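A short worksheet on the structure shown next.
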Ligand code: CA
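Residue numbers (my numbering): 295 to 518.
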């Protein structure tokens with residue numbers, strides 16, 4: 295699940311980016327309305343977190359514009375404006391939920407999951423299946439056959455990335471870029487360590503392995 299965070303306060307933006315990434319979301323962030331709009335028109339976000347007080351256009355104006363361009367992604371408004379009037383206006387003008395600052399990260403995550411559940415138009419699109427492996431992207435749950443996999447948020451994100459590229463070989467650099475989304479020394483073995491742990495949960499004895507190593511290149515998920 296990919297999110298767009300629109301927040302001009304750098305400390306809050308960084309906090310949200312980090313926290314939501316750790317919760318297993320892919321996060322794009324923008325510091326003003328216009329750059330957010332440029333990202334939103336790509337139509338790749340499953341939900342948006344929008345601050346109202348932005349340096350250029352107002353958050354409500356931003357929501358109106360992306361709605362006018364056909365975006366149906368649910369919007370969680372995060373704002374310091376706390377009056378009933380402000381909240382009502384936010385919800386009337388295209389926001390789907392409203393949370394006032396200061397906020398707890400856990401509540402942002404819970405409300406986003408709730409919105410994603412309510413608004414995912416086709417429940418099927420929130421699931422990925424490869425052989426007997428099934429990922430529920432909203433609940434962040436994975437199972438293989440009848441067995442539920444106990445994955446960390448990072449392992450889930452890694453498995454999601456491998457599944458989205460089923461049958462394609464992904465390099466360590468690609469994995470670092472897409473799953474960790476930060477600059478990590480490519481020489482690090484963080485990918486191999488996580489693959490090792492993931493494999494010990496996904497490919498247990500007695501089931502056909504899904505995660506395969508392509509020596510010197512990277513990994514591929516496929517059912518043989
Ligand atoms: Ca602001």
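We put the beta carbon where it would ideally sit given N, CA and C, even for glycine.
Source: prediction; values computed, not measured.
Going by other Cβ atoms of all chains shown within 10 Å of its Cβ, with 16 needed for buried, is residue i buried or exposed?
i: residue 461; result: exposed
i: residue 368; result: buried
i: residue 330; result: buried
i: residue 412; result: exposed
i: residue 485; result: buried
When you compare the CB positions of residue i and residue j, do they come within less than 8 Å of one another, or not?
i: residue 504; j: residue 393; result: no
i: residue 298; j: residue 334; result: yes
i: residue 326; j: residue 349; result: yes
i: residue 375; j: residue 346; result: yes
i: residue 429; j: residue 421; result: yes
i: residue 324; j: residue 360; result: no
Return the residue from the list the options that minimises the CA-CA distance to residue i.
i: residue 431; options: 374, 318, 369, 404; result: 318
i: residue 302; options: 343, 438, 367; result: 343
i: residue 501; options: 510, 357, 509, 437; result: 437
i: residue 314; options: 421, 382, 473; result: 473
i: residue 449; options: 481, 435, 355; result: 435
i: residue 390; options: 406, 396, 497; result: 406
i: residue 311; options: 439, 446, 402, 413; result: 402
Write down the C-beta distance between residue i and residue j rounded to the nearest angstrom, noting that I regard them as a contact closer than 8 Å.
i: residue 512; j: residue 463; result: 6 Å
i: residue 452; j: residue 488; result: 5 Å
i: residue 425; j: residue 517; result: 4 Å
i: residue 410; j: residue 341; result: 6 Å
i: residue 388; j: residue 357; result: 4 Å
i: residue 337; j: residue 377; result: Actually they are not in contact, since the Cβ atoms of residue 337 and residue 377 sit about 33 Å apart, beyond 8 Å.
Problem set entry | Neighbouring residues (CB closer than 5 Å to any heavy atom of ligand 1) | Taken from the N-terminal end onward, the list reads 302, 345, 347.
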